[in-house]
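Below: the structure, in structure tokens.
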Amino acid sequence: MASQPTHKFATRHQQRQCILECLYMWDVQKDIAIESLYASYCKEKVDIAPEVLKGTFVLETLRGVVTHYEQIDQLIAQEAEHWEFSRISKIDLAILRLAIYEMQFAQKAPKPVVINEAIELSKAYASDDSKRFINGILDHIAKASQIPQNVC
-6 MASQPTHKFA TRHQQRQCIL ECLYMWDVQK DIAIESLYAS YCKEKVDIAP EVLKGTFVLE
54 TLRGVVTHYE QIDQLIAQEA EHWEFSRISK IDLAILRLAI YEMQFAQKAP KPVVINEAIE
114 LSKAYASDDS KRFINGILDH IAKASQIPQN VC
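The letter at position 119 of the sequence shown is residue 112 when you use the working numbering, and the numbering goes up by one with no holes.
Right, here's the structure in full:
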């Protein structure tokens, strides 16, 4: 029996790494469509045609984050007390945008899983202090979103 071909997007964690890198590139070059950045990433980093991955978690999530990024950024700014938004590193923003999108909009993975993945990404990509910062913001957002609205 022939084995299934594998590529660098084999696990959800690897898919999130791809999303993170694409979001970082997009934050630096917002004038380029996310689909174009994703296509470049596929060709350069994983040597796979982006058409093969259409409709995947990666592309759907990238489009979702870009669609909702203003709302996501408002939430980050609101939760990042005592932090000037413009001083938050681009990699921290990319991690936060991905996680907040997954928790607030996609809602496919449990919030603790999303937060853990964000912390793991911060360990690999961000500064040592980032994981505490990211964990604090995401934990607060997760707890706040569990509070029932309009309770009398």
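Glycine residues also receive a C-beta, built at the ideal position from the N, C-alpha and C atoms.
The residues V51, T54, L55, L91, in chain order, have a CB closer than 7 Å to that of I12 in the same chain once the five nearest residues on each side in sequence are set aside. Setting aside the 5 residues that flank it on each side, L68 is surrounded in the same chain by I93, Q97, I134, each with a C-beta closer than 8 Å to its C-beta; the list follows chain order. If you draw a 10 Å sphere on the C-beta of A137, you find fewer than 16 other C-beta atoms in it, and that means exposed. Pairing A119 with T4, the inter-Cα distance amounts to about 21 Å. The beta carbon of M18 sits closer than 6 Å to those of L30, all from its chain and outside the five residues before and after it, given in chain order. A straight-line Cα-Cα distance of about 24 Å links Q10 and E72.
Counted as a single uninterrupted DSSP element, the alpha helix (DSSP H) harbouring H6 occupies residues 5 to 21. By the Cβ-count criterion, E95 is buried, with 16 or more other Cβ atoms from all chains shown falling within 10 Å of its own Cβ. A direct Cα-Cα distance of roughly 12 Å separates D66 from I88.
Assigned with DSSP and collapsed to three states, D132 falls in helix. When DSSP assignments are scanned along the region 49 to 97, the uninterrupted stretches of alpha helix (DSSP H) that are 4 or more residues long and fall wholly within it turn out to be 50 to 72, 83 to 93. Judged by DSSP secondary structure, E37 falls outside any alpha helix (DSSP H); it is assigned neither H nor E. When the five nearest sequence neighbours on each side are left out, the beta carbons in the same chain lying within less than 8 Å of the beta carbon of K101 are those of E95, in order along the chain. Cβ contact annotation for F78 (same chain, cutoff 6 Å, sequence separation greater than five): A70, in chain order.
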